[in-house]
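**Q** This structure is in structure tokens; I'll ask about it shortly.
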Amino acid sequence: MSDSDLLRTLRALAGNDGRNGLGPLEPRGALTGKRVSVAYTKPKTGGGGIAGPLVEPDAKQRAWWPNGYASTDALLVLPAIKTLVLKDANGERVEVQLADISAVTP
Numbered sequence: 494m495s496d497s498d499l500l501r502t503l504r505a506l507a508g509n510d511g512r513n514g515l516g517p518l519e520p521r522g523a524l525t526g527k528r529v530s531v532a533y534t535k536p537k538t539g540g541g542g543i544a545g546p547l548v549e550p551d552a553k554q555r556a557w558w559p560n561g562y563a564s565t566d567a568l569l570v571l572p573a574i575k576t577l578v579l580k581d582a583n584g585e586r587v588e589v590q591l592a593d594i595s596a597v598t599p
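For the sequence shown, the working numbering assigns the number 494 to the initial residue and increments by one for each residue that follows.
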């Protein structure tokens, strides 16, 4: 008895037809178009975020880093803003906090 005959006999006794149980593959390519409709649900919370445009009402409210940004020849040091206070379109206060750039080398 050859090996293939033995395997065929064992598969017949075990009830296994040789398939490993995987189903057929889905065809490749674009999906077929379908029409669906979904009921709209309103968001549970309102708004959020910043309403533009942002306006700086008072430039005196700016905070500055003690060290500025030095030019490549170190002859000029530009001031660096630390905190910028703005107002949005709804009149809400918006605070922008900027990183210290004195450690950045050009």
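All C-beta atoms in this analysis are idealised placements derived from N, C-alpha and C, irrespective of residue type, glycine included.
Just grab the DSSP bridge partners of residue 563 for me.
**A** Reading the sequence shown from its first residue, position 70 is the one you call residue 563. DSSP lists 570 as partners of residue 563.
**Q** Taking the alpha-carbon of residue 592 as reference, which of 584, 523, 556 and 581 has the nearest alpha-carbon?
**A** Within the sequence shown, the letter at position 99 stands for residue 592. With distances taken between Cα atoms, residue 592 lies closest to 556.
**Q** Determine the extent of the beta strand (DSSP E) in which residue 586 is found, giving its start and end residues.
**A** Residue mapping note: residue 586 aligns to position 93 of the sequence shown, counting from 1. First-last of the beta strand (DSSP E) with residue 586: 586-590.
**Q** For a quick check, are the C-beta atoms of residue 492 and residue 581 less than 8 Å apart?
**A** A question about residue 492 goes unanswered here, because the residues of the chain that appear run from 494 up to 599.
**Q** What distance in whole Å lies between the Cβ atoms of residue 571 and residue 548, which are believed to be in contact at a cut-off of 8 Å?
**A** Sequence index remark: in the sequence shown, residue 548 carries index 55 (1-based). Sequence index remark: in the sequence shown, residue 571 carries index 78 (1-based). At roughly 24 Å, the Cβ-Cβ gap does not stay under 8 Å, so residue 548 and residue 571 are not in contact.
**Q** Report yes if the CB atom of residue 558 is closer than 8 Å to the CB atom of residue 537, and no otherwise.
**A** The residue labelled residue 558 in the question sits at position 65 within the sequence shown. The residue labelled residue 537 in the question sits at position 44 within the sequence shown. It is not a contact, given that the beta carbons lie outside the stated cut-off.
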